[in-house]
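First the structure, in the form of structure tokens, and then the observations on it.
Chains as they are written, first to last, in the working numbering: chain A, 1 to 201; chain B, 1 to 252.
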């Protein structure tokens, strides 16, 4: 069955002023759509045609560059949209809040470290909070790779990811990736992130 | 660098060694000396890039409507300026003499930190990029470059299409290049991020004649996700006279 573009869980203008409408429309409607289309092209008529996106991503390095790039692009963006919400931000609660404090000292220190991972990723990529063997770990991946991939340096279950491709922020923030990352914290849906963490444990 | 050191470096690795034997048998040692590494072509000022960022050789609006003034201004004053200043920091930290040509660092970039790799590449690539564009490009090369492009790629239009493919298929951030290889052939290649074909780590090595920036920051304000449209437009501002000069110097 062919992959399809999931609808955004909110209106494209819903994350203003943090993420602008044009960026959301192009990011979802053009970039994510292209990953979906190119992933379908890469698997149609092959032995991988009926595999789930999770199966494709888990063995992306063995399948092909097209599956790695576009399967990763589809998975990462689907995960990203679900992580965001209007009138969100704030702080995590419950188990996730406790583990973040235990692992990183404080929520502010965690935010600083994830932002740094995003700033330090040279070129295009993602910064991640992952669950790895019962611990929370911050990592980053190039291009559309992710921590579920066989090719990832740091593997684990993604809890939160932030897109640091320039297309994610250039219309509003241009070269100021740090400002985009600061704005990102205002649209993180901690309810969803907290549930992901509990499911991963 | 002495000739002996140059040859030793050139002869490291079996693939290079077999190429050296081929070249040696065709043309003798003098060809080996002249083409194996960027250091050996540094006698032309075209291949001696400074660590400094000189002013842009034209106005930010000079490449309109193909490349917009706002993109040029941010690209030059923010992105490229940051590479230049981070390069100086890296040079200080890693004991590199900034009076030497940057090409020397690129040729042995694997010996330095990722900070040096990213910023030496970033500075070199952008310097070449600015110089290879002008208000009214000729549209196509002429003279020996045109003749050799036609020999190597069948026609100028085939060349453009292969070069555009290299630029479009570079996933993520990077550059597409027209280079002269060590056997003095024209070739098209692409590199990730701010790597370039002068680097010892490059998959395909050679002297860059022309490079196209396909980081999203090079085109996103005007073209957004339409990288192919940016590439189409860019041909209008290529300074083919400049590319021909580099070609002449690379072949000399």
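C-beta: ideal position from N, C-alpha, C; glycine also.
Predicted, not measured: the structure shown is a model, and the values here were computed from it.
If you compare the alpha carbons of 113(A), 6(A) and 192(A) with that of residue 85(A), the shortest gap goes to 192(A).
Rounded to the nearest whole angstrom, the CA to CA distance from residue 18(A) to residue 78(B) is 22 Å. DSSP places residue 120(B) in the uninterrupted alpha helix (DSSP H) bounded by 114 to 131.
Only those residues of the region 150 to 179 of chain A whose C-beta falls short of 8 Å from the nearest C-beta of chain B are listed: 165, 166, 167, 170, 171, 174 and 175. Around the beta-carbon of residue 139(B), fewer than 16 other beta-carbon atoms lie within 10 Å, marking it exposed. For the pair of segments examined, the region 122 to 142 of chain A was found to touch the region 171 to 188 of chain B: the number of CB pairs separated by less than 8 Å reaches three.
Between the region 207 to 224 of chain B and the region 154 to 172 of chain A there are three or more C-beta pairs closer than 8 Å, enough to call the two in contact. Here residue 137(B) is near residue 238(B), since their CB atoms are less than 8 Å apart. Beta-bridge pairing by DSSP links residue 142(A) to 125(A). Contact between residue 214(B) and residue 164(B) does not hold, since the beta-carbon distance rounds to 10 Å and is not under 8 Å. For the pair residue 93(B) and residue 198(B), the CB atoms are not nearer than the 8 Å cut-off.
The count of Cβ pairs closer than 8 Å, one atom from the region 205 to 213 of chain B and one from the region 108 to 115 of chain B, stays below three, leaving the stretches out of contact. Interface annotation, residue 76(B): not in contact with chain A, CB-CB separation never under 8 Å. Contacts between residue 19(A) and chain B, judged by CB atoms closer than 8 Å, are missing: the closest CB pair is about 15 Å apart. Against chain B, the beta carbon of residue 31(A) has neighbours under 8 Å at 225, listed in chain order.
Taking C-beta atoms as the reference points, residue 233(B) and residue 124(B) fail to come closer than 8 Å.
Residue pairing by DSSP puts residue 190(B) in a beta bridge opposite 176(B). Ranked by Cα distance from residue 190(A), the options 89(A), 71(A), 103(A) and 98(A) are led by 89(A).
The three-state secondary structure of residue 238(B), taken from DSSP, is strand. Nearest CB-CB separation between residue 143(A) and chain B: below the 8 Å threshold. Residue-level contact check: residue 220(B) touches chain A, since one or more beta carbons of chain A fall below 8 Å from its beta carbon.
Close partners of residue 215(B) in chain A (Cβ separation under 9 Å): 123, 124 and 166.
In the displayed model, residue 201(A) falls within coil according to three-state DSSP, outside both helix and strand. According to DSSP, residue pairing for residue 205(B) in a beta bridge does not occur. For residue 190(B), the closest Cβ of chain A is not nearer than 8 Å. Counting other Cβ atoms within 10 Å of its Cβ, residue 100(A) reaches 16 or more and is therefore classed as buried. Cβ contact annotation for residue 82(A) (same chain, cutoff 7 Å, sequence separation greater than five): 9 and 192, in chain order. For residue 178(A), same chain residues with a beta-carbon under 8 Å away, outside a window of 5 residues either side, are 115 and 119 in chain order.
Per DSSP, reduced to three states, the secondary structure at residue 140(B) is coil, with no helix or strand assignment. A contact is defined here as three or more CB-CB pairs under 8 Å, and the region 52 to 59 of chain A fails this definition with respect to the region 12 to 30 of chain A. The C-alpha of residue 133(A) lies about 36 Å from the C-alpha of residue 216(B). When secondary structure is reduced to three states using DSSP, residue 198(B) falls in the coil class, being assigned neither helix nor strand. For residue 163(B), there are no C-beta contacts with chain A under 8 Å, since the nearest C-beta of that chain is about 20 Å from it.
No Cβ of chain A is located within less than 8 Å of the beta carbon of residue 132(B). Three or more beta-carbon pairs separated by less than 8 Å link the region 30 to 39 of chain A to the region 67 to 74 of chain A, which places the two stretches in contact.
Short of 7 Å from the beta carbon of residue 149(B), and not among the five residues preceding or following it, lie these beta carbons of its own chain, in chain order: 141, 156, 159 and 186.
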